[in-house]
Every structure is written in C-alpha cells, then in structure tokens.
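Here's the structure, in structure tokens; my notes come after.
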Amino acid sequence: MRNIFDEQLKELNSKLIDMSTNIVHSISAAVEALLTQNVELAGTVKADERLSDKQEKHIETLCFELLLRHQPVAGDLRIISAALKMITDMERIADQAEDIAEISKYLADKSYIKQPEDIAKMAVATKKMLTESIDSFVNRDLELAKSVLVHDDVVDDLFRKIRNDLTALIHANPDNGEQALDLLMVAKYLERIGDHASNIAEWVIFMITGEHKGNETS
C-alpha cells in the first residue's frame, strides 16, 4: 500500500507542475499581449484558464482519493492538505491572468501614456515566484519556499513604483486617468498573483514544518 501511495504522490507532483506550467504560460501570454497590443494572443488566455479549471478538479480528485484510500496521518496528511490549499491559489492566479488579458484586449487599439516595462518586470517576478513555490513543494525544499516569500518584496516595490508613476501622469493630465486606472489594475492583478504565490510557499512551509501563518489572499 505504501508503494501505491508513493506512486500517487509522484502523480500529484506531476499534475501540480503541469498546472503551474499552464498558468505561467497564461501570465506570459496576457502580459505579452499587453506589451504588443496583440488581441489574438490575449484571446488564447481563456483556453488556458479553462484548462486550469480542469487541472484543479483532477488534482482535487486525486487528493481525495489519497485521503479516502490511505487515510494518511502526520506528514503525509500535511502533503495532501497543502496540495488542496495550493490549487485554490493557483486557480485564482489563472483567473487573474485572464483578467489581465481582458484589459489587454481593451487597450489594444490605444496609444500608451506610458510603456508598461515595469509591468513586464512584475510579470517576470511573479512567474518566478509561482514556479519556485511549486518546485519547493515537489522537492520538499524549505529554503526555496522561504525565498519565495522574500521575493514578494520585489513585486510589491514594482507595484508601488507603477502606482506612483501613473498617479503623476494623472496629475500632469487628467485625460490620462482612464488608461492609468486600467494599467494600475493590471499591476494590481500581478501583485495579487505574487500574494497567491506567497500563499503557496506558506503551505509548503506548513507541509514541511507543520507551522502556518495564515496569510491567505482572495
């Protein structure tokens, strides 16, 4: 029975990696669509989000099978509990990537009041956080999980810079207000993605140590 349980845990790891890979692709496509004003690319994110929904359900089903069939305790129970919490955050990230794609479509035919290079930097940082949080789960790597929490400061700093820059543009010309708010929303979605990646890392820390700070984000 232990061998079966271990094989199913390997399957769980694989499915989590697949889901995170799909979500990273969603973030990349949504932000690239914004940078290049590519409506067609933005439209592909919806399919990624639907795939994420299916992947979440498959992982949830696998976790429940592990709970019911093996009735795990202690560390094994924490692994499955953490995975169930993680996929909730991952699905919210997928939703926020789709929200960014929708704003990208809206802005596709407009001249930018400011080139969104800092938004691109935020996207890189959040993708790194998500990838490393999942890697820390798969490899049971406590230090990597902790480093994800530290990296959230990079995302927060970029968000503050974008907010300040856009506020200055509104003060300089109130006509910039509508687009500034749209770009600020993109940055806010990316900040939330960083928060969700931090939540995932917190669940990995819980899985390894049994301690959790309760820092969930909606």
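Going by this note's numbering, the residue at position 182 of the sequence shown is 196; the numbering climbs one at a time, nothing skipped.
Here a beta-carbon is modelled for each residue, glycine too, at the ideal position from N, C-alpha and C.
The structure presented is a predicted model; accordingly, all values stated were derived computationally and were not measured.
Anticipated Cβ contact below 8 Å, residue i with residue j, distance rounded
{"i": "A108", "j": "S66", "result": "4 Å"}
{"i": "I207", "j": "I31", "result": "About 18 Å separates the two Cβ atoms, so there is no contact after all."}
{"i": "L158", "j": "S212", "result": "Wrong, their Cβ atoms sit about 13 Å apart, outside the cutoff."}
{"i": "V168", "j": "L204", "result": "Incorrect: roughly 11 Å between the Cβ atoms, too far for contact."}
{"i": "N52", "j": "I127", "result": "About 19 Å separates the two Cβ atoms, so there is no contact after all."}
{"i": "K124", "j": "Q193", "result": "6 Å"}
Contact check, residue i vs residue j, beta carbons under 9 Å
{"i": "R201", "j": "I133", "result": "Position check: residue 201 holds Ala in this sequence, whereas Arg was assumed. For A201 and I133, yes; Cβs fall inside 9 Å."}
{"i": "A96", "j": "F19", "result": "no"}
{"i": "A122", "j": "A44", "result": "no"}
{"i": "L144", "j": "H210", "result": "yes"}
{"i": "L76", "j": "E25", "result": "yes"}
{"i": "L48", "j": "I117", "result": "yes"}
{"i": "I135", "j": "I73", "result": "Sequence inspection shows Lys at residue 135; the Ile mentioned does not correspond to that position. Not in contact: K135 and I73 (Cβ atoms no closer than 9 Å)."}
{"i": "L55", "j": "P130", "result": "no"}
{"i": "I214", "j": "D103", "result": "yes"}
{"i": "Q22", "j": "E79", "result": "yes"}
Cut-off 6 Å between Cβ atoms - residues of its own chain near residue i, not counting five sequence neighbours on either side
{"i": "L156", "result": "I222"}
{"i": "T58", "result": "A43"}
{"i": "I176", "result": "D132 and A201"}
{"i": "V218", "result": "S150, F151 and A159"}
{"i": "Q110", "result": "Y203, R206 and I207"}
{"i": "N27", "result": "V152"}
Same chain, Cβ closer than 7 Å to residue i, five either side skipped, listed in chain order
{"i": "R92", "result": "F220, M221 and G224"}
{"i": "R154", "result": "I222"}
{"i": "D179", "result": "K128"}
{"i": "H165", "result": "A139, K142 and M143"}
{"i": "V38", "result": "K141, L144 and T145"}
{"i": "N36", "result": "D62, L65, S66 and Q69"}
Close-in-space but distant-in-sequence residues of the same chain around residue i (CB under 8 Å, 5 per side omitted)
{"i": "K60", "result": "E112 and A115"}
{"i": "D171", "result": "none"}
{"i": "I184", "result": "N190, G191 and A194"}
{"i": "P86", "result": "F19, L80, I93 and I94"}
- Message: Three or more C-beta pairs under 8 Å: does that hold for the region 132-140 against the region 69-85?
- Response: The region 132-140 is not in contact with the region 69-85.
- Task: Please go through the region 114-198 and give each complete alpha helix (DSSP H) segment of 4 or more residues, from N-terminal end onward.
- Result: Runs of the alpha helix (DSSP H) inside the region 114-198: 131-152 and 156-186.
- Query: Which parts of the region 64-105 are runs of the alpha helix (DSSP H), unbroken and 4 residues or longer, counting only runs that do not cross its ends?
  - Reply: Those alpha helix (DSSP H) runs which fall completely within the region 64-105 and span 4+ residues do not exist here.
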